[in-house]
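Below you'll find the structure, written out as C-alpha cells, and then a few comments.
Number of protein chains: 2
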Amino acid sequence: MPEPKDVTTVACIGAGVIGGGWAAHFLARGYQVRAWDPAPDAAERLGRLVAAAWPALTELGLAEGASPDNLTVLPTLAEAVAGAGFVQESAPEDLDVKRRLLADIAEVTPDGVVIASSTSGYGMSEMQTEAATPERLVVGHPFNPPYLIPLVEVVGGKATEAWAVEWASEFYRHVGKSVITMDNELPGFIANRLQEALWREALHMVANGEATVEQIDTAITDGPGLRWPVHGPCLTFHLAGGEGGMAHMLDHFGPSLKAPWTRLDAPELTKRLRDDMVAGCEDEAGERSIADLVAERDRAIIAVQRAVEASRGGSGG
Amino acid sequence: MPEPKDVTTVACIGAGVIGGGWAAHFLARGYQVRAWDPAPDAAERLGRLVAAAWPALTELGLAEGASPDNLTVLPTLAEAVAGAGFVQESAPEDLDVKRRLLADIAEVTPDGVVIASSTSGYGMSEMQTEAATPERLVVGHPFNPPYLIPLVEVVGGKATEAWAVEWASEFYRHVGKSVITMDNELPGFIANRLQEALWREALHMVANGEATVEQIDTAITDGPGLRWPVHGPCLTFHLAGGEGGMAHMLDHFGPSLKAPWTRLDAPELTKRLRDDMVAGCEDEAGERSIADLVAERDRAIIAVQRAVEASRGGSGG
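Chains A and B supply the protein sequences, listed in that same order. Mapping to the numbering used here: the first sequence position 170 is 170, numbers consecutive. Just remember that the numbering used here sits 317 ahead of the position in the second sequence, which is counted from 1.
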C-alpha cells in the first residue's frame with residue numbers, strides 16, 4: 001500500500017458529471033488519471049467535462065505538470081485500475097449497480113489500494129456486501145462540482161478497516177480537499193442531510209403554492225445564503241445572540257423551535273443539547289471574540305456579494 | 318401619505334441587534350433616523366451598534382449626506398415617530414409585546430404612514446389585533462445584519478390593505494433591499510422556513526451524537542454553502558442534472574426523496590410538482606444555457622471562496 005503522498009496515478013470509474021469532475025480535479029493536481037465507463041462515448045464525455053472545468057482550474061492554479069493530456073480512457077475496468085494508487089467510483093446512484101461495480105473493482109484492483117465511492121447517500125455497509133476485499137472500501141462523498149467544492153465526507157462500512165478510512169482522509173487532504181471523517185454511518189452523511197432538509201421544505205412550499213421557485217432561490221441567494229459560506233449555520237446563530245452568543249440565542253429564541261416555521265419537528269432543547277451547541281460554537285470561534293466574528297462576517301458578506309455579482313452574466317474570469 | 322421615494326425620515330423602534338442594524342442601514346442611505354427603546358441605555362447601545370456597522374457601510378459606499386450623526390434617540394415613542402415617513406419596529410420576539418407595541422405605535426404615528434415589523438415569524442394577522450389602524454401594518458422581515466443582507470420579506474395580515482404591502486415593497490426596494498412580496502401569510506415566511514429546516518436537522522444531529530457543531534459548519538462552509546449565494550437551491554440542482562437540467566434531476570434522483578437523508582418527510586413528487594420545478598428553473602435561467610450557468614457557477618464559487626478566505630482573520634477591509 002503506497003503512502004497517500006506517493007500516489008501518482010488515480011483511477012476514475014464513471015463518466016458522468018461527478019466522475020468527470022473528479023477526473024478534472026485529479027488532473028489539475030498533476031495526477032495521471034485512468035478512466036473507465038461502460039458507455040461507448042465515455043472518452044468523448046470525459047473530454048468534454050474536463051475541458052469545461054479546465055478554465056476554472058487554470059484560474060485556481062494548476063500543479064506542476066498538470067494537463068488534460070494526462071487523462072487516459074481505457075476499454076476495460078481492469079486496465080483502468082492497473083497501476084492506480086487510488087480508485088474513485090462515481091457510478092449512477094443505484095444500490096445494485098454500486099454493489100456489483102464495487103465488487104468488480106475490488107476484484108481487479110491491486111491489494112491494499114483504497115477504493116472510494118462517490119455515493120450521495122448509501123452506506124458503505126450496504127454497498128460492500130459482494131466485494132471480496134470490503135476492508136478497503138470507503139465512502140468519499142464529494143459535492144458538485146468536485147473540482148471546486150472542497151468538501152469530501154469520508155466514512156467506512158461495517159466491513160471497512162480503520163486504516164482505509166484514515167488513508168482516504170489523508171489522501172483527500174493531500175489533494176486539497178476539506179475532509180470530514182465520520183465515525184459512524186448516517187444516511188445522507190452530514191452535508192446532504194442539511195441540504196436535503198432545506199430542499200424538501202422548498203419542494204413542500206412549491207407543492208402547496210406557498211412560494212415559487214424564484215422566490216425560494218432569491219430567499220437564499222439574497223438572504224441566509226450570503227452568511228453560510230462565511231461561518232456555517234451554527235456560528236452564524238452564535239452571532240445572532242449578540243454578545244451573549246449561542247447561549248443567549250438558544251435561551252432567548254429557543255421557543256421558536258416550537259414554532260411551525262418548517263415541516264420538520266425540532267428536537268427537545270435539553271440542557272445537554274444547549275450546552276453542546278454553546279461549547280461547540282465557543283470551540284469553533286477559538287480566539288475570536290463576538291466583535292471579531294461580526295467584523296469578519298461583515299467583511300466576508302460584502303466580498304461574497306461582490307464576488308457573485310462580478311461572476312454573473314459576463315464571460316470574464 | 319408620502320411617495321416611497323420622498324421619505325427623508327425613518328423611525329426605528331427597538332435598540333437590539335436588528336433595530337440597531339436597521340438604523341445603520343437607513344443612516345448609510347442618507348436618512349434621518351429617529352429611534353426609541355424603553356431601555357435606559359438605548360442611546361448608548363444604538364450608538365455602539367451603528368459604530369460597529371459603519372466601516373462595512375463605508376466600504377459599501379454611503380449615500381450623499383449620510384452620517385451616524387443623523388441618528389436621534391428620543392425619550393418617547395410619540396416623539397420618535399413624529400415626522401417619520403416610515404416606521405420599522407424591531408422589538409423582542411414576543412407576541413404580546415409585539416401586539417401591544419404595534420398598537421401603541423399605530424396610535425401615535427401620523428395617518429397613512431406605513432408601519433413594518435421585523436418579526437422573524439409571527440403573522441401580521443395575529444400581531445395587528447389591538448391596533449386602531451391595522452390596515453397600514455405589514456411584516457418587513459430582514460436578515461441579520463440588516464445593513465448588509467439585502468433580503469426583506471414583505472407580507473400583510475388579514476386586516477392589512479394591499480396598498481400598504483405595495484408601498485412597503487417599493488420603499489424597501491428604494492433603500493436598496495431585495496424584496497420578496499408574499500401573497501399569503503406563512504409561518505416563518507420563506508427564507509426562515511428553509512433556514513429553520515436545515516437548523517433543526519443540525520440540532521437533531523448534535524442531539525444524537527451524529528455530528529459535531531464544527532462538522533456541521535464545515536459541511537456547509539466548504540460544501541453546498543459555497544453554491545447557495547450563487548444560484549440558490551433550485552438552480553443549483555438544475556445544474557446537478559447536467560444538460561437535462563431540473564427535469565433530468567427530478568426524474569433521475571427523484572427516488573432519493575424517499576431516502577432517510579433527513580428527518581423531514583418529502584412531498585409526493587407529483588407530475589405537477591415536477592413540472593412546476595422544471596418551469597420555475599427554466600424561467601429563472603432565462604437566456605442562460607446550462608453551459609452558461611455552469612461557467613457562471615464555477616467563476617462565482619472560486620470568487621466566493623477567495624472572498625471568504627481574504628475576509629478571515631485579518632483586520633483589513
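Ideal Cβ positions, reconstructed from N, Cα and C, are used throughout, including at glycine.
>> So B:R351 contacts chain A; which residues on that side make the cut at Cβ distance below 7 Å?
In response: None at all; the shortest Cβ gap to chain A is about 23 Å.
_Please report the distance separating the alpha-carbon of A:A303 from that of A:N208._
Their backbone Cα atoms lie some 36 Å apart in a straight line.
* Going by the beta-carbon positions, is the gap between B:P541 and A:Q195 smaller than 8 Å? -> Taking 8 Å as the Cβ cut-off, B:P541 and A:Q195 qualify as a contacting pair.
Based on the DSSP secondary-structure assignment, which residues constitute the bridge partners of A:L27? None, per the DSSP bridge assignment.
Examine the Cβ distances between the stretch 568-576 of chain B and the stretch 221-241 of chain A and report whether three or more of them are shorter than 8 Å. In short, these stretches do not touch, since the Cβ pair count stays below three.
Q.
I'd like the list of long-range same chain contacts for B:E452, defined as Cβ closer than 7 Å, with 5 residues on each side in sequence excluded.
A. Closer than 7 Å at Cβ, skipping near neighbours: A476, T477, E478, A481.
query = In its own chain, which residues sit with a C-beta less than 7 Å from the C-beta of A:G14, not counting the 5 before and 5 after it?
reply = Around A:G14: D37, E89, S90, A91.
Check: So is B:I330 in contact with chain A if we call contact Cβ pairs under 8 Å?
Finding: Not closer than 8 Å to any Cβ of chain A, the Cβ of B:I330 fails to qualify, so no.
- prompt: If you follow the beta strand (DSSP E) that A:T129 is part of, which residue opens it and which one closes it?
  reply: In the DSSP assignment, A:T129 falls outside any beta strand (DSSP E) and carries neither an H nor an E.
For this session: Identify which residue in A:E153, A:S118, A:G157 has its Cα closest to the Cα of A:A131.
Result: Closest by alpha carbon: A:G157.
I'd like the span of the beta strand (DSSP E) that includes B:G562, first residue to last. No beta strand (DSSP E) contains B:G562, which is instead part of the alpha helix (DSSP H) from 562-570.
(message) Counting C-beta neighbours from all protein chains within 10 Å, is the total for A:P110 16 or more, i.e. buried, or is it exposed?
(response) With fewer than 16 other Cβ atoms within 10 Å, it is exposed.
- Could you check where the alpha helix (DSSP H) with A:S67 kicks off and where it finishes? Per DSSP, A:S67 lies in no alpha helix (DSSP H) segment and is marked neither H nor E.
- For the alpha helix (DSSP H) containing B:E531, list its first residue and its last residue. Unbroken alpha helix (DSSP H) run through B:E531: 530-538.
task = Assign A:R100 to one of three DSSP states: helix, strand, or coil.
result = Correct three-state label for A:R100: helix.
- Query: For A:D69, which of A:W54, A:A78, A:E79, A:D183 has the nearest alpha-carbon?
  - Reply: Closest by alpha carbon: A:W54.
| Using a Cβ-Cβ cut-off of 6 Å (strictly less than) and excluding sequence neighbours within five positions of B:A395, which residues of its own chain qualify? | Excluding five sequence positions before and after B:A395, the CB atoms of its chain that fall closer than 6 Å to its own CB belong to V425, given in chain order.
key: Of the residues A:T236, A:E309, A:H248, the one placed nearest A:E296, counting alpha carbons only   = Here the closest residue by C-alpha is A:T236.
Any contact of the stretch 355-375 of chain B with the stretch 323-342 of chain B, i.e. 3+ C-beta pairs under 8 Å?
Cβ pair count under 8 Å is three or more, so yes.
Taking 8 Å as the threshold (beta carbon to beta carbon), is A:G85 in contact with chain B? It does not: the Cβ of A:G85 has no partner Cβ on chain B nearer than 8 Å.
Less than 8 Å between the beta carbons of A:L102 and A:Q128, yes or no? The Cβ atoms of A:L102 and A:Q128 sit closer than 8 Å to each other.
Contact list for B:E601 against chain A, beta-carbon separation under 7 Å
Contacts between B:E601 and chain A, judged by CB atoms closer than 7 Å, involve V213, E214, D217 in chain order.
Under 8 Å, Cβ to Cβ, is there at least one residue of chain A near B:M522? Nearest CB-CB separation between B:M522 and chain A: below the 8 Å threshold.
So is A:N184 buried or exposed if we call it buried at 16+ other beta carbons inside 10 Å?
Flag for A:N184 reads exposed.
Partner residues on chain B for A:H231, Cβ-Cβ distance less than 8 Å: Under the 8 Å cutoff, chain B gives D534, T538.
Self-check item: Residues from the stretch 133-149 of chain A in contact with chain B, defined by Cβ distance under 8 Å
Solution: Under the 8 Å Cβ criterion, the stretch 133-149 of chain A contributes F143, N144, P145, L148, I149.
Let me know if A:P260 comes out buried or exposed under the rule of 16 or more other beta-carbons within 10 Å of its beta-carbon. Classified as exposed, A:P260 has fewer than 16 neighbouring CB atoms from the shown chains inside 10 Å of its CB.
- Residue range of the alpha helix (DSSP H) that B:R580 falls in? Unbroken run through B:R580: none, as it is neither H nor E.
| request: Would you tell me roughly how many angstroms separate the C-alpha atoms of A:V155 and B:A627, rounded to the nearest one? | output: The C-alpha of B:A627 is placed about 31 Å away from the C-alpha of A:V155.
Exercise. So which residues on chain A does B:A383 lean against when the C-beta distance must stay under 8 Å?
Worked result: Going along chain A, no residue has its Cβ under 8 Å from B:A383, so there is no contact; the nearest lies around 16 Å.
Could you tell me which chain B residues have their CB closer than 9 Å to the CB of A:E59, listed as they occur along the chain? Taking a Cβ-Cβ cut-off of 9 Å, the neighbours of A:E59 in chain B comprise D615, R616, I619, given in sequence order.
Query raised in the report: What is the DSSP secondary structure of A:E89, reduced to helix, strand or coil?
Result: Looking at A:E89 - three-state DSSP - the assignment turns out to be strand.
- prompt: Considering A:T181, what are the terminal residues of the beta strand (DSSP E) in which it resides?
  reply: From DSSP, the beta strand (DSSP E) with A:T181 extends over 178-181.
Span of the alpha helix (DSSP H), counted from its first residue to its last, around A:G280: Note, A:G280: alpha helix (DSSP H), 271-285.
Using only the alpha-carbon positions, how far apart do A:R193 and A:A28 sit? Across the structure, A:R193 and A:A28 are spaced so that their CA atoms are roughly 30 Å apart.
- [ ] Answer with yes or no whether the minimum CB distance from B:M594 to chain A is below 8 Å.
- [x] For B:M594, a Cβ of chain A is located within less than 8 Å of the residue's own Cβ.
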